[in-house]
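Everything on this sheet refers to the single structure shown next.
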Amino acid sequence: MGSQSLSKLLKSWEDHASKVSQQTEVSVSINQSDVVRLAALAEVYKLPENDIIATLIHEALNELEAKMPYIPGKKVIRIEDGDEIFQDTGPMPEYLAAQKRLLQK
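In structure tokens:
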């Protein structure tokens, strides 16, 4: 095993340890058909169901955040390269404020 392989292995372990240390256990009820789908994914990819669930939720939330619409309001909040940037009146500012408030608890 070369030193590059060992470096990759160590990096993988560090990444895994970092992810695990940031995880919190939650309990949710899901449809039976989704339980079967998760179990099938776990079997095919030889991963724990919890890892698959955590990854799916993480990726879905990232995609959801990226798709939140920017709705320009009337108030100009800054000028960038000569263009007026208007205050976002969509759901993102409220969502970010809620995240910040919840993180401070």
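The sequence shown maps to residues 1 to 105 in the numbering used here.
We put the beta carbon where it would ideally sit given N, CA and C, even for glycine.
Bear in mind that the values here come from a model prediction, so they are computed numbers and not experimental data.
In the three-state reduction of the DSSP assignment, Lys74 falls in the strand class.
Residue pairing of Asp88 in beta bridges, as defined by DSSP: Pro72. DSSP lists Glu84 as the beta-bridge partner residues of Ile79. Here DSSP, grouped into helix, strand and coil, assigns Asn31 to coil.
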